[in-house]
Amino acid sequence: PAKYRTVHFQRAKDEGRRFAMLTSYDAMTAEIFDAAGVEMLLIGDSVGNTVLGHSTTLPVSLDDMVLFASAVTRGATRAFVVADLPFGSYEASPQDAVAAGVRLVKEAGVHAVKMEGDERFAEHVAAMTAAGVAVMAHIGFTPQSENVLGGYRVQGRGEDATRRMVASARALEEAGAFAVLMEMVPSEVAAAVDAALTVPTVGIGAGAETTGQVLVWQDMLGMRTGGVPRFVRRYADLHGTITDAVTQYRRDVLSGQFPAPEHGFES
Ligand code: KIV
Ligand code: NA
């Protein structure tokens with residue numbers, strides 16, 4: 023398609039095909055990922071960690087999200103663009119959720135928003151959908167609730183967990199969510215949720231049976247040294263590539279090797 027829409031992801035689910043989603047927070051990566059064929063881009067509130075240097079997503083504001091999302095929509099042409107509703111912008115009421123969602127659609131030009139929350143937030147999903155804002159629900163581990171959940175931990179383990187996760191996902195689908203994302207959920211639980219839903223699912227640390235997969239680009243392209251979560255595959259070593267290039271640049275500047283005559287202007 024010339025432009026991805028929710029119908030394409032529903033068709034993928036219906037026909038047993040998959041799709042790829044990747045975070046992006048700026049116009050240049052949006053353009054690169056879009057041109058590489060990535061079907062869905064996410065301006066995650068992980069921008070708090072990856073770009074702004076916070077240790078959690080909690081300080082990210084709606085203004086921040088509008089700024090970064092605007093850059094991404096300017097860089098993307100075909101991809102379906104989704105922005106996170108940040109912590110504090112939607113929880114208190116369905117009206118708050120509508121206001122936040124409308125801002126992201128209207129001011130940043132995103133095609134949908136993603137909202138963390140289980141069936142207790144079904145009314146928020148219904149209100150946004152009624153207002154014309156497409157919603158991806160985010161269940162399982164929801165980082166904005168890390169202080170309630172007790173840190174970064176797999177959700178949906180133990181007795182009755184599958185039934186409860188399926189009930190949650192079904193309530194959100196019923197409320198109008200066009201897709202349900204699951205983070206850090208046992209693979210079999212995520213597979214059961216995907217099988218129980220009509221709408222597509224997206225997984226991160228949720229096994230291979232979801233309709234789509236999502237990763238944070240700095241994780242999958244190796245921008246960081248040190249450990250990455252077990253659900254990440256590192257497809258490049260950008261940290262090493264950039265370090266080598268910048269080291270060489272500095273060496274050339276200090277030795278007078280850069281700039282060379284061809285980099286200068288004639289009088
Ligand atoms: O903020 C984010 O990047 C996300 C994905 C990890 C799902 O919510
Ligand atoms: Na997020």
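Per full-length UniProt numbering, the sequence shown starts with residue 23, numbered consecutively. Just so it is clear, CB atoms sit at the ideal spot from N, CA and C, and this is done for glycine as well.
CA nearest to the CA of residue i, picked from the options
| i | options | result |
| --- | --- | --- |
| R27 | F90, L260, F200, G278 | F200 |
| A49 | A42, A91, D67, H30 | A91 |
| V254 | V127, D241, V224, M137 | D241 |
| P116 | A152, V103, S83, L237 | A152 |
| Y47 | L194, G227, T72 | T72 |
| A156 | G180, G178, M187, V202 | V202 |
| P108 | Q32, A189, D67 | D67 |
| Q166 | T223, E231, S77 | S77 |
Rounded Cβ spacing between residue i and residue j (contact assumed at less than 8 Å)
| i | j | result |
| --- | --- | --- |
| M62 | G234 | 7 Å |
| A105 | A130 | 6 Å |
| A119 | H146 | 4 Å |
Three-way DSSP call (helix, strand, coil) for residue i in this model
| i | result |
| --- | --- |
| L243 | coil |
| H261 | helix |
| K25 | coil |
| F90 | helix |
Classification of residue i by the beta-carbon crowding that lies within 10 angstroms, buried from 16 upward
| i | result |
| --- | --- |
| D266 | exposed |
| V275 | exposed |
| V268 | exposed |
| E138 | buried |
| L237 | buried |
| L44 | buried |
Inter-residue Cα distance where the pair is residue i and residue j
| i | j | result |
| --- | --- | --- |
| G286 | T263 | 27 Å |
| V135 | R273 | 45 Å |
| V176 | P283 | 57 Å |
| V215 | M87 | 29 Å |
| L64 | A183 | 28 Å |
| D56 | V103 | 10 Å |
| E113 | K35 | 29 Å |
| H133 | L126 | 9 Å |
| T247 | V94 | 25 Å |
| A228 | R186 | 16 Å |
| F163 | A212 | 12 Å |
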